[in-house]
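Protein chains: 4
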Amino acid sequence: MSLPRQTTVQYGDIVMIVGKDHKVFLRTVRQRDVIQTHYGQVDFDKMVGMPYGEQFRTHLGNPLYILAPNLEDVLIFLNRGTQIIYPKDLGYIILKLGLFQGAQVIESGTGSGALTSMLALMVGDEGKVYSYERRAGHLQQAKQNLERLGLDHRVNFIQRDIEQGFDQSGVHALFLDVPNPTDYLDQAWAALRGGGFFGALVPTANQLIELLYALQHGPWFFIQAEELIMRPWKTVPARARPDDNMYGHTGFLIFARAVSRETHYIVTETDDPEIRPPIE
Amino acid sequence: MSLPRQTTVQYGDIVMIVGKDHKVFLRTVRQRDVIQTHYGQVDFDKMVGMPYGEQFRTHLGNPLYILAPNLEDVLIFLNRGTQIIYPKDLGYIILKLGLFQGAQVIESGTGSGALTSMLALMVGDEGKVYSYERRAGHLQQAKQNLERLGLDHRVNFIQRDIEQGFDQSGVHALFLDVPNPTDYLDQAWAALRGGGFFGALVPTANQLIELLYALQHGPWFFIQAEELIMRPWKTVPARARPDDNMYGHTGFLIFARAVSRETHYIVTETDDPEIRPPIE
Amino acid sequence: MSLPRQTTVQYGDIVMIVGKDHKVFLRTVRQRDVIQTHYGQVDFDKMVGMPYGEQFRTHLGNPLYILAPNLEDVLIFLNRGTQIIYPKDLGYIILKLGLFQGAQVIESGTGSGALTSMLALMVGDEGKVYSYERRAGHLQQAKQNLERLGLDHRVNFIQRDIEQGFDQSGVHALFLDVPNPTDYLDQAWAALRGGGFFGALVPTANQLIELLYALQHGPWFFIQAEELIMRPWKTVPARARPDDNMYGHTGFLIFARAVSRETHYIVTETDDPEIRPPIE
Amino acid sequence: MSLPRQTTVQYGDIVMIVGKDHKVFLRTVRQRDVIQTHYGQVDFDKMVGMPYGEQFRTHLGNPLYILAPNLEDVLIFLNRGTQIIYPKDLGYIILKLGLFQGAQVIESGTGSGALTSMLALMVGDEGKVYSYERRAGHLQQAKQNLERLGLDHRVNFIQRDIEQGFDQSGVHALFLDVPNPTDYLDQAWAALRGGGFFGALVPTANQLIELLYALQHGPWFFIQAEELIMRPWKTVPARARPDDNMYGHTGFLIFARAVSRETHYIVTETDDPEIRPPIE
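Residue numbers (the numbering used here), protein chains in the order written: chain A, 1 to 280; chain B, 1 to 280; chain C, 1 to 280; chain D, 1 to 280.
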């Protein structure tokens, strides 16, 4: 199973079929699979071999577009036991973590596997994602989600309370999406290579402040904190304007680099936005 | 030359050296290269073999952190003849374009190669980026930038006015960062595979409206328009707050899927944000 | 009837009574008025004379805070046939329109009277609001809303298609909240004093562009366009963060000054954000 | 002296004269006053009696528009020893504080008098603003600014460390723009009438959290926290788009109502955004 790679529908592809009302059906194509929709029956055996971008006709003759989903399309349909990291943040995270084909990266918690999937997409077959999760249920669900995406071979899932640390060391990057990232900075530092990329996502300003304090007082440098705000627009050209509603907040993104323990500094709590923390 | 892959400094690495004032020096490590900084002399031969994350001492004994840059760090120092697409948008674009290791993607214009670099990072050695640019000067500059990043082998640079169309067909995705993307939708459609991912970035609402109109009236589906707004925060924990200044705008991101010509629809210019374009 | 002016509840006051679940009841206090709530009966005769800020007990003994509403609290409960201008914009509009006690201001359309109320609050008993509305139903409803607020004596309601122009001239300021403000700029200019303040609110970028074009080509100067974005935060101190959802958009605010016809200029359509329109 | 009230220029008016390059000169019109500009000499005696919105010619014949400023225009030119509250916030504050003609309101600190001016505009001649400031220099400067606006008769300036409390009681509303508003909540509560409107502006999330905590644990109800974000747009119609740069942050606005001491509650630190604090 995987995201489609061919120009025509294959068994095992995750296909997105979309009706005139933009209602989306996401399905992995399997033999002798037939689903009922309000447009009529969809027989997937009949869909195999059809080119993506064409219309499939239900047994009632209603047209449905056959599209290849991107990761964002699939994430919406992932089996989810947890809040996921939003697409607007996923792409930015892999850039800030300095990832590339062949990189090794640690994340915790696994959650539903949304970030796991994006990390796996980026590091390629030569790379590896080590994904830590305390809760067996979430880990199992994430595994299934990654299998469905055909990316599970790039991921090692480890059930662990990261209080006990990580098995790897010298990894390129590490991301924490846990309620209390501040508690695991020592474990994170131990797993990262020198200058390695650290990232975290926290929903509240309280957590942001706590994490900034710990990073500023520890062996971390180049500390950054940001919000990434997505503002969708309506797409009717005669009435172009932002949507009436949007997400007001998903979380704060914090990034830093692991540096040698001897040389970190204590931040001066200055009011001047331009003053940057000295090295020593 | 490339982004560092080892844990210690190698000849050919792009290294980022950073002083206590956060002033950043970006340099490709070469033999017998010495630079003067306000901290003193930096002799790169002496830096080779040092672990990233450690401090290098200038001939005056001043400490400078040695860090491995991520793409964002490098983009700031790229030789630039043009405005670049901002990091906040780069990561999101590769997600929305449905890219993966091995994908083929077209972009135009090349500009300074910022998006080119991000696309090349994502598609890996098995993939290919076809980058079209009309202006020889920009193309030459972008080539040098990609070489510096060690990603040029993943990119075909073509000097071309895309009015004449693209050489490739059946590509997975195509992105336009040109002043008049609306003029090239036919060429884009011809280059994309069925259901292929189209994206564009335009700075003005006028261009957004024009492009939405053309997409709604052409063989395109699943049209989306969004702004991605980056809000940086100060990192002094005792005074956590957003920076006083931020970018108010970089551009509007528009995405769509190429669908079969027979079946597209004409959008009804409705006021209702919930009404979605019918397929036929 | 009016917003409360005394420290204790009076007949005719609009009172806001709020239960522990923050459910708000808004009511004008009248004799022999009793309402049923999920907290029990509220007998308003028993509330009269109680100090604001105290708790009233229902016949079941449940406590309800008695509060004096501000205009925002009341607007939420106004009889509304139309979308109202949001509080975040109301306050800003009266500042941008240069209003003061004794000023004369025109608005159209009246809608449900939200802006009418704010304008009336600002110009005081010595000032006057001329409110134009084409639709009799809305006008009637707005009148009732202003009466309820005790502000109707400061407003002249005129049922009129403003295509025919305004009865007043030499007014300090004029605000248009209509679908096609561009069509009424001549009428607006004729009603305003020299240098008078013009404002408008439009929901779409198309209308914004059209209005900017007309203003730039007419006897208007000091043209400004802005969005005012309200981002509410949760108020639980241990988990301070922006609300998950917010309004993505209400409208664009445009302001300008009416200047003498002889001397206006034609804007050069420049790309340079710093170039400002020359006077002649 | 005052903001202009007539349609023609009077001695004592604050006039705004604006050249083709949008360079603004703000000046109180006085006899025998002549200023030099890069457009040539401006003789204010010659300007008296001219209609606003017309053009004045310098001795070189260069045209300058004569405009009546609104409060925002003047604030930019106020003698300022301190950061001022931005116009986007001023209008919203007077709405949230439930002000009206005749209201009594306390503010501290006075700063440069920006909010003082807006409050004075709103409460009218029948109302009163009590403005507390510890620093004599700022108080003197604010007085001059209010005199210049012709609003000083509506304001009582008191030099005081508000640690010692306020002289008034039973006021309709009170606003704190001081570094540590949390320290003065008891004094604020004592000055406010039952159900009176409290507001504060704080720049940092740390202060926001501290203030929310104190309000949630004190005799306050209907607590709200918000950010008001201003996004200016370019006004060239052919290239409509948000400005490249904007203010990322000015401050957090917090509002609450003073309620009887007996009955306040302790907030449960819940994660659920919908759960609201119970009354008791």
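Don't be surprised by glycine CBs; every beta carbon is placed ideally from N, CA and C.
If we define contact as Cβ-Cβ less than 8 angstroms, is residue i a contact residue for chain D?
| i | result |
| --- | --- |
| R57/C | no |
| A200/B | no |
| P278/C | Confidence at P278/C is low in this model, with a pLDDT of 30, below 50, so the placement of that residue should be treated as unreliable; the coordinate-derived value is given next. True, the Cβ-Cβ gap to chain D drops below 8 angstroms. |
| S260/C | yes |
| F221/C | yes |
| K96/C | yes |
Please report the residue range of the beta strand (DSSP E) in which residue i lies.
| i | result |
| --- | --- |
| Y65/C | P63 to L67 |
| I229/B | W220 to W233 |
| V15/D | I14 to V18 |
| V34/C | V34 to T37 |
| T26/C | First, the amino acid is wrong: residue 26/C is Leu here, not Thr. V24 to T28 is the span of the beta strand (DSSP E), which, as asked, contains L26/C. |
| Q31/D | Counting along the chain, Q31/D falls outside any beta strand (DSSP E), and DSSP gives it neither H nor E. |
| M246/B | N245 to Y247 |
| R57/C | Q55 to R57 |
With distances taken Cα to Cα, identify the nearest neighbour of residue i among the options.
| i | options | result |
| --- | --- | --- |
| A191/C | H138/C, Y132/C and V236/C | Y132/C |
| E19/D | Q101/D, E54/D and G150/D | Just to set this straight, residue 19/D is Gly in the shown sequence, not Glu. The shortest C-alpha separation from G19/D is found at E54/D. |
| V105/C | G127/C, W189/C and S2/C | G127/C |
| R154/B | L121/B, L174/B and V236/B | L121/B |
| A173/B | Y184/B, E163/B and W189/B | W189/B |
| I93/C | F198/C, R27/C and P51/C | F198/C |
| A240/A | H249/C, Q164/C, Q36/C and P242/C | H249/C |
Between residue i and chain C, is the shortest Cβ-Cβ distance under 8 angstroms, so that the two count as touching?
| i | result |
| --- | --- |
| T204/A | yes |
| H249/A | yes |
| T7/D | yes |
| G91/D | yes |
Got a sec? Which residues, its chain only, sit under 8 angstroms from residue i by beta carbon, not counting five neighbours each side?
| i | result |
| --- | --- |
| D177/D | I85, E107, S108, G109, G111, L115, A200 and L201 |
| N136/D | Residue 136/D is actually Ala in this sequence, not Asn. So the qualifying residues of the chain are Q159. |
Could you confirm whether any beta carbon from chain A is found closer than 8 angstroms to the beta carbon of residue i?
| i | result |
| --- | --- |
| I209/D | yes |
| L119/B | no |
| R231/C | yes |
| R193/B | yes |
| E227/B | yes |
For residue i, which residues in the same chain have their Cβ closer than 7 angstroms to its Cβ, ignoring the five residues on either side in sequence?
| i | result |
| --- | --- |
| D45/A | Q31 and R32 |
| E226/D | L253 |
| D43/D | V34 |
| P273/D | Because the pLDDT at P273/D is just 35, under 50, the model does not fix this residue reliably, and the value given afterwards should be weighed accordingly. None. |
| E210/C | T182 |
| G81/C | S112, G137, H138 and Q141 |
| I24/A | First, the amino acid is wrong: residue 24/A is Val here, not Ile. The answer, listed in chain order, is M16 and V18. |
| M50/D | T8, V9, F56 and I66 |
| T235/D | none |
Who are the Cβ neighbours of residue i in its own chain at under 6 angstroms, not counting the five residues just before and after it?
| i | result |
| --- | --- |
| R261/D | P219 |
| G40/C | T58, H59, L60 and N62 |
| P87/D | E72 |
| R257/D | G195, F221 and F222 |
| D152/D | L146 |
Would residue i pass as an interface residue toward chain B - the criterion being a Cβ-Cβ separation below 8 angstroms?
| i | result |
| --- | --- |
| D177/A | no |
| D183/D | no |
| A240/D | yes |
| N245/D | yes |
| R257/A | yes |
Check for me: the alpha helix (DSSP H) holding residue i runs from which residue to which?
| i | result |
| --- | --- |
| F44/D | F44 to M47 |
| L253/D | Not the alpha helix (DSSP H): L253/D falls in the beta strand (DSSP E), residues F252 to A258. |
| V74/B | L71 to L75 |
Residues of chain E with CB under 7 angstroms from residue i, in chain order?
| i | result |
| --- | --- |
| D125/D | Considering every chain present, this structure includes no chain E. Its protein chains are A, B, C and D. |
Any beta strand (DSSP E) of 3 or more consecutive residues that is wholly inside the region 82-148 of chain B: 104-108 and 128-133, all fully within the region 82-148 of chain B.
What residue ranges within the region 151-207 of chain A form continuous alpha helix (DSSP H) runs of no fewer than 4 residues, ordered along the chain? List check, alpha helix (DSSP H) in window: 185-191.
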